[in-house]
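Working notes for the structure below.
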């Protein structure tokens, strides 16, 4: 016999988690709109919460502060990158695996309506806001350490004894950051499409080997 659902029954976990995710996404979207319109420093937590019609208390259930909500999209993308990297085919060499993981991240971003252009605008906001840039760079260092650990595990290496995983993680992160900044600052002739972004990243990676090992003269 089917059980009826009453007001006292707890919501299914799946529905509850989806509602929480929608609230979190709405806060992130509202924060980015306000940051881009009024500036990061002039936007308050109260304004972000009001935009979504929730309380300040609700905001702090999801984010510790403005800095965290500003970096949420990048934090999600970085977490997705780590997941994709862990699941790349074992036969790929480290650089191939990282390129594949980046490709998967941007393809997933492209499938989110309006997410791609918003991510590129966010790069510019971070670079122009010292507080956010400092926080982002701190987080990037932490992610590089995790990337190095994943690469070392894939290759059966000791990252404390073998510098290659850490070196590749640092160089790779720098190439991605330069690609993002170059594309965001360039002409928006293609509407800043994710295909264009991926093409630029791929071109930069194609130059990585010659740039490090070839003659510069």
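In the numbering used here, the protein residues as written are 6 to 222. Just so it is clear, CB atoms sit at the ideal spot from N, CA and C, and this is done for glycine as well.
Please state the DSSP three-state secondary structure of residue i.
i	result
residue 223	The displayed coordinates of the chain run from 6 to 222. Any statement about residue 223 would go beyond what the structure contains.
residue 67	helix
residue 25	helix
residue 202	helix
residue 49	coil
residue 44	coil
residue 87	helix
residue 186	helix
residue 125	helix
residue 112	helix
residue 76	coil
Return the residue from the list the options that minimises the CA-CA distance to residue i.
i	options	result
residue 182	159, 149, 66	149
residue 173	146, 188, 187, 186	146
residue 32	43, 70, 46	70
residue 90	188, 157, 35	157
residue 95	64, 159, 88	159
residue 66	92, 28, 37, 35	28
residue 141	92, 73, 175	73
residue 207	109, 81, 153	109
residue 184	205, 54, 175, 153	205
Residue i lies in the alpha helix (DSSP H); which residues open and close that run?
i	result
residue 135	135 to 160
residue 93	First-last for residue 93: undefined, no H or E at that position.
residue 59	Counting along the chain, residue 59 falls outside any alpha helix (DSSP H), and DSSP gives it neither H nor E.
Exercise. Pair every Cβ in the segment 71 to 78 with every Cβ in the segment 162 to 178, then say whether three or more of these pairs are closer than 8 Å.
Key: no
Quiz item: Taking contact to mean at least 3 C-beta pairs separated by less than 8 Å, is the segment 98 to 108 in contact with the segment 204 to 215?
Solution: yes
Quiz item: Should the segment 38 to 58 be regarded as contacting the segment 18 to 27, the criterion being three or more beta carbon pairs within less than 8 Å?
Solution: no
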